[in-house]
Every structure is written in structure tokens, then in C-alpha cells.
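So the sequence lines, in the order shown, correspond to chains A and B.
If you count the first sequence from 1, position 206 lands on 194 in this note's numbering, and the numbers rise without skipping.
If you count the second sequence from 1, position 180 lands on 168 in this note's numbering, and the numbers rise without skipping.
Heads up, the beta-carbon is just placed ideally off N, CA and C, and yes, glycines get one too.
It should be emphasised that the depicted structure is a prediction, and the values quoted were computed from it without experimental measurement.
Report on one structure; see the data block that follows.
There are 2 protein chains.
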Amino acid sequence: MSRYAVIGTGALGGYYGGLLAKAGHEVHFLMRSDASHVRQFGLRVDSKHGDFHLPAVHAYAAVEEMPVCEFVIVALKSTHNAALAQLLPPVLGKEGYAIVLQNGLHVESATEAVVGAGRVMGGCCFLCSNKVGPGHIRHLDYGNILLGSYRGLSGTSPEVPVAVLDRVVGDFAKAGIPIEGTSRLQLARWKKLMWNIPFNGLSVILNTATDRLMGDAAGRALVRAIMEEVQVAANACGEPVPVSHIDYLIEHTDQMVPYDSSMRLDYLAQRPMEIEAIFGNPLKAAREAGMAAPRIQVLHDQLKFLERNRLEGNSKGAAG
Amino acid sequence: MSRYAVIGTGALGGYYGGLLAKAGHEVHFLMRSDASHVRQFGLRVDSKHGDFHLPAVHAYAAVEEMPVCEFVIVALKSTHNAALAQLLPPVLGKEGYAIVLQNGLHVESATEAVVGAGRVMGGCCFLCSNKVGPGHIRHLDYGNILLGSYRGLSGTSPEVPVAVLDRVVGDFAKAGIPIEGTSRLQLARWKKLMWNIPFNGLSVILNTATDRLMGDAAGRALVRAIMEEVQVAANACGEPVPVSHIDYLIEHTDQMVPYDSSMRLDYLAQRPMEIEAIFGNPLKAAREAGMAAPRIQVLHDQLKFLERNRLEGNSKGAAG
Chain A
-11 MSRYAVIGTG ALGGYYGGLL AKAGHEVHFL MRSDASHVRQ FGLRVDSKHG DFHLPAVHAY
49 AAVEEMPVCE FVIVALKSTH NAALAQLLPP VLGKEGYAIV LQNGLHVESA TEAVVGAGRV
109 MGGCCFLCSN KVGPGHIRHL DYGNILLGSY RGLSGTSPEV PVAVLDRVVG DFAKAGIPIE
169 GTSRLQLARW KKLMWNIPFN GLSVILNTAT DRLMGDAAGR ALVRAIMEEV QVAANACGEP
229 VPVSHIDYLI EHTDQMVPYD SSMRLDYLAQ RPMEIEAIFG NPLKAAREAG MAAPRIQVLH
289 DQLKFLERNR LEGNSKGAAG
Chain B
-11 MSRYAVIGTG ALGGYYGGLL AKAGHEVHFL MRSDASHVRQ FGLRVDSKHG DFHLPAVHAY
49 AAVEEMPVCE FVIVALKSTH NAALAQLLPP VLGKEGYAIV LQNGLHVESA TEAVVGAGRV
109 MGGCCFLCSN KVGPGHIRHL DYGNILLGSY RGLSGTSPEV PVAVLDRVVG DFAKAGIPIE
169 GTSRLQLARW KKLMWNIPFN GLSVILNTAT DRLMGDAAGR ALVRAIMEEV QVAANACGEP
229 VPVSHIDYLI EHTDQMVPYD SSMRLDYLAQ RPMEIEAIFG NPLKAAREAG MAAPRIQVLH
289 DQLKFLERNR LEGNSKGAAG
């Protein structure tokens, strides 16, 4: 059994942390305003794979109250990564490892800056879940993770020891979380970006869901053109995403239930959007590899504008 | 004095046609449902340069009732150009010339297809006016026209005789309309597109006005990047728009009053948008010149999607 901390107990941290606790691991949850509710009533997970309730949960409102843990799961939105410099040191001892389960490219670098090179894993998560109330998670679908060492912005940071990665993979797998280790975390990140960049971006900018985009000729053409650009950018950055991955993602999306992207939910709820992680960092990486990526740049700039002008957007939409 | 027909008596046709009639020309207006109102009450123009009222106006609900004219001003929205095959023959005699005062690139080709090569002029209009009621136009600002021969999709159609162009320029100028003849209509069209493509497109997609776009760092960067792409496209198409025109337009827009683009007004009023004229045709021209124009393509596809999905967009906007 291992000792985990979960920093950020939302839809993702609550789901994975809940499964780890259910499997018998000692899991300590940072959950801010929900902490007292959860200490009293426990953590509830309604899942496609079976509902469960954990009556006794280590829940904390402040990281200073938490014990030092072997593994710290970073499950905040990446828009809050500036807080990691305060959040990580009390809970992650000198021997601990961080597991960054965030969306986007190089989201691990804020963690690495605190924790140090060679001690950070990144996970690409494919999860549909929501937090529906205090200490109450609803898992809708999927949940698999691709986990690998984060090798830094330069790609040359030392790897996390194989035994450590294997132990995390084993803990998660035995807890019922489909997980695979990968030696190419960046490749996995880019493959996921190939979906996130068009669908997260367009769902906010065009105020729509995946099925509407795919059901419109211009929407489909636009999604494909953006995916093509991300594929070229990935290859320019040394990550060999094959062209065939575009058709795979499009077919996969056609078969999905209509889906509101997390970015659209953030936008509608007036929360900050993960624009830097999903658009800004890939753009920067592409630019450093000598590629302009004009479509990603247009989406990035449109989202930045909307984030700063969303109130006007909503009120005018109502008037129209 | 000349005999003009105005096909489409909206904000533009009503304003220019009204000034020509006021100057003593015989002007015949096709104005559909407004015709009986205008026959009874006349045409009213509230203008920055002085209000006026024309009590006796030749107003028609159907083109078949109109006499053959020397000059036919095409002032419909280009989204209705398919109707020109019916509308032009009764009013434009064998000797007549057409003056296409529409927005966008190669909007004249639908007129040329009916009227024939060498008999079509195109005008780039810089006009802020609205139709505020039946037979009632409000002119807000500007109004100048650059008028030139339309030389066809290939650029090789014969020119309109210089004497004819000069006569139109003289008629308009004496009626108080600032007008200049140009031997390079396509160059003028591209220069106007360099403003229309970013501002018409983004005002609809981001649901905003010019001043908000220019007041935001990402909005400004995006406008500039799109202008740069249009400038390169114009040059690829053989029209030497100088790079300095970008700074000129940005400075000019900074000094403008906050302005709702015509495309945004169309979008909010559920009218068809001039997507083909302003985005589709320039894209096609750039592509034929070997250029991809990814930013214009993104805006084009986003607008096409929004036009077909605008009801959802508005209702969801209200919910957010």
C-alpha cells in the first residue's frame, strides 16, 4: 500500500483518488471548502463502473495540515499552477514523486520547477467526469491514463526510476484504473492535443458541442484542417504522430455521445480556461521548432479575447 | 441628366440613389414592399451632410414595371445575386451599363454573366448608413466610392469605355458623392478586404464591435495577423497592396467610432451573411494563385458553421 496526496479534489482528483482509497491506499485529499463536508459525510462517487461511498476520508482544507506523502497527484486545473510553489513542498517530502494529471503540453514544468528534475511523472487522462456537489463525483465514461516520465522543457531531464513508474502503474491498475506506462509522454500529449485543440477551442468560440461541429460540413473541414496542423506541429517537435491518427480521432468523435468540452464548461461557468496549456504551450513549442501554426494561433487569440470579454459575449448573445 | 435604376433600395442604394435623384437625375428604384409607401410619402434621407426629402420618387415593387435605363446600380446584398438573371434584363437595355456597388471580391461576376463583358463597373464603397424604416435612410458617415471597370474573373474582359466611366463619375460627383475612377478595381477591392475580412469575420465570431477588438492585446494581434495574410494573398493575386496599408488601417480603426460591421448586423438579424463575397472568393483567388490562406479559411469555416447554427448559438449564449 502507498501513501498518496491529491492536490485538487475536483472531477478528476476525486475520481482517481477515490478509487485509490477504495483499493486500500492511504489517500490524503486537499479539497478546500469541501473538506469539512467530506470529513462528516465522506466521498461519494457515482460511476459507470459501479457507485461507491467512502465514509472515512482524509480531507483537508489546507496543505499545511497534510502529512508528507510518497506520491502527490497534481489534479488542479493548470490555470492554478502558480499556486504549486506553495502547495507542493509541505506534502511532497524529499523522497516523494509528483504525478501531474493535467491537460495540455508541458503542464508538468511548473511542478518540476518546485519538485526538481527526475521526480515528475505526467499522465494523459481520458476521462469524462464532473463534480456535482461537495464530495460528490459523477463519472460518466472512460478513465484511462497514459503515464510517463516528464523530461523537462528540453526533453533531457532524467527519467523517474522505472521501479517508481511501475509501482504507480501497479497501484492504479489494481485500483481499477486502466493505465499504461509510456516512454514517450510528449507523443501521448500531442496525440491528445490533436483532439483538444480543435474541439475545446471551437466548442467555446462557436458555442457548440462536438456533435454539432461534426454534423456540419464547414465544422468538419475546420476540425480536420486544425488536426492536420497539430499533426505537422507534433512532427516538427520530434513527436511522430502519424497522419492516420486524424481519421482515427474523427471516426472516434463521430461515435461519441454529444459532449461538452471541459473548456466550454469552464467558459460558461466564468472560470479561467486552460488556454496556455492547450494552445499557448504547443504554439510556443511549434514556433521553437520553426513552425508558425496559424490555425492554432487564431484559436488561441480568439480564446484569449473571449476570456477577457466573456461578459459582453454572453449578454449580447442573449440580445440576439 | 442620366437615367439610373437602383436594384435594391436599402441603406446603400437608397442613399446614393437619393442623392442622384436630388441632383436632378431620373432615378428608378426597385424597392419591393416599400414601393407603395414611398410612392405616397417619398424618400427620406437623414444625412451627416444635411437631411433631405424627395416627395416624388419613381418607386417599383417589380422590375417588370420599370423602364429601360442607361445605368443600373446593383445595390442588393451579394447573397441575392442569383436573382440578377431575372432582375437585370428588363431594366438594362442593350446599350446600358451596370454599376455593381457590392462588398467583396468578384461580386461583379454574377452581373457580368447577365449583362456581358465590357459593360460592368464595380464600385468599392466606404459608407456607413442604415435603413431605419420604409423609405427612410440614415447616413452616418463616409460615403466615398472607388469606381472601375470590372475585367472578369480572368482579368481580361474588355474595359468599359472611358467616356462612360467618366460620365458616371461626373454624375456622382456633381450629386455630392465623393468618387474617384480607378484603373485597378481589384487592387481597391483587396485593400477594402484587408479591413473587412478581420473585422466583419471577428465581429460575428467573437460577438463584438471594432473598439473591443482593438482594445484587447489578443484581438489586435489577431487582426494584424489576418491583415498580413490578406496582404500576402493580394500580392499573390497580382494586386500590389503595400505592407504599409496594414498600419494605415489599424491607425484608422483606432480613430473610428465603435462600429458594428454590416456582417454582424446581418448575423444578429438572422439575415444571410456575405461569406462568399468577402471570404470564399478571396480564398478561391488565393488558392488559384497557389496560396493556402489558413487564417481566412478558419474564419470562413467558422462563419459558415455559425450561419447554419446561429439559433443554437444565440440561445446558448443566453443560458451562459
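Where are the alpha helix (DSSP H) runs, 4 residues long or more, that stay fully inside the region 193 to 226 of chain B, in chain order? 198 to 202, 205 to 224
Near-chain A residues of the region 213 to 236 of chain B (beta-carbon distance less than 9 Å), N- to C-terminal order: Taking 9 Å as the Cβ-Cβ cut-off, the region 213 to 236 of chain B approaches chain A at A213, I214, E217, given in chain order.
Residue-level contact to chain A via CB, D204 (chain B), 7 Å cutoff: yes
Within the 7 Å Cβ cut-off, does A209 (chain A) reach chain E? The question asks about chain E, but that chain is absent: this structure's protein chains are A and B.
Taking the straight line between their C-alpha atoms, what separation do you get for G111 (chain B) and L89 (chain B)? Cα to Cα, the separation comes out at about 5 Å.
Does any residue of chain A have a CB that is nearer than 7 Å to the CB of D289 (chain B)? Residue-level contact by beta carbon holds for D289 (chain B) and chain A, with a gap shorter than 7 Å.
Could you spell out where the alpha helix (DSSP H) holding D254 (chain B) opens and where it closes? 250 to 256
What did DSSP end up calling D129 (chain A) once you bin it into helix, strand or coil? strand
Got a sec, what are the start and stop residues for the beta strand (DSSP E) F17 (chain A) sits in? 14 to 18
In this structure, how does DSSP classify A306 (chain A) when only helix, strand and coil are distinguished? Note on A306 (chain A): pLDDT 29, under 50, position unreliable in the model; the coordinate value appears next. Reduced to three states, the DSSP call for A306 (chain A) is helix.
On a CA-only basis, which of A:S250, A:P228, A:P149, A:A86 is nearest N188 (chain A)? Give me that one, please. A:S250
Looking at the C-beta of L286 (chain B), does it have a partner C-beta in chain A at a distance below 7 Å? The sequence shown places Val at residue 286 (chain B), not Leu. True, the Cβ-Cβ gap to chain A drops below 7 Å.
Burial state of F267 (chain B) (16 or more Cβ within 10 Å): buried
Run the CB neighbour count on A63 (chain B), radius 10 Å, all protein chains shown included, and call it buried at 16 or more, exposed below. buried
Confirm, please, whether the CB-CB distance from L210 (chain A) to T170 (chain A) is below 7 Å. no
At 9 Å on the CB atoms, spell out the chain B contacts of I193 (chain A), in chain order. I193, L194, Q290
For R283 (chain A), which residues of its own chain have a beta-carbon under 8 Å away from its beta-carbon, when the five flanking residues on both sides are left out? A213, I214, E217
In the DSSP output, which residue or residues are listed as bridge partners for H316 (chain A)? Residue 316 (chain A) is absent from the structure shown; chain A starts at -11 and stops at 308.
So if I threshold CB-CB distances at 7 Å, which residues from the region 85 to 105 of chain A count as touching chain B? none
Using 7 Å as the threshold, is the C-beta distance between N269 (chain A) and H94 (chain A) below it? Yes; because the gap between Cβ atoms is below 7 Å, this pair is in contact.
Does DSSP classify G301 (chain B) as helix, strand or coil? Its pLDDT being 43, under 50, G301 (chain B) is placed unreliably by the model, and the measurement read from it follows with that caveat. Here G301 (chain B) carries a helix assignment [DSSP, helix/strand/coil].
Contact set for S97 (chain A): own chain, Cβ-Cβ below 6 Å, skip 5 residues either direction: L141
At a CB-CB cut-off below 8 Å, which residues of chain B make contact with R259 (chain A)? Here the premise fails: no neighbours, minimum Cβ distance about 12 Å.
Tell whether a beta-carbon distance below 7 Å holds between Y85 (chain B) and V152 (chain B). It is a contact, given that the beta carbons lie within the stated cut-off.
If you drop the 5 nearest sequence neighbours on each side, which residues of the same chain put their C-beta closer than 6 Å to that of F160 (chain A)? I167
Cβ-based neighbour list, G260 (chain B), same chain, cut-off 6 Å, excluding 5 preceding and 5 following: What sits at residue 260 (chain B) in the sequence shown is Pro, not Gly. Closer than 6 Å at Cβ, skipping near neighbours: T67.
For V(-6) (chain B), write down the residues that DSSP places opposite it in a beta bridge. B:F17, B:I61
Please confirm if F267 (chain A) has its CB atom under 7 Å from at least one CB of chain B. Interface residue (Cβ-Cβ distance to chain B less than 7 Å): F267 (chain A) is not classified as such.
Please state the DSSP three-state secondary structure of E168 (chain A). strand
Can you look up E295 (chain B) in the DSSP assignment and give me helix, strand or coil? helix
Are three or more beta carbon pairs between the region -1 to 14 of chain B and the region 33 to 53 of chain B nearer than 8 Å? Result yes; three or more Cβ-Cβ pairs closer than 8 Å.
Whose CA, out of B:L287, B:E227, B:Y255, lies closest to the CA of A273 (chain B)? B:E227
With 16 other Cβ atoms within 10 Å as the buried cut-off, status of N302 (chain B): In this predicted model, N302 (chain B) has a pLDDT of only 43, less than 50, meaning its place in the structure is not dependable; the value taken from the coordinates is given anyway. Buried.
Buried or exposed for R252 (chain B), going by 16 or more other Cβ atoms inside 10 Å? buried
Can you give me the Cβ contacts of R298 (chain A) inside the same chain, cut-off strictly under 8 Å, excluding the 5 residues immediately before and after it? Y255, Q258, listed in sequence order.
Report back the beta-carbon spacing between M54 (chain B) and V79 (chain B) to the nearest angstrom; my notes put them in contact at under 8 Å. 5 Å
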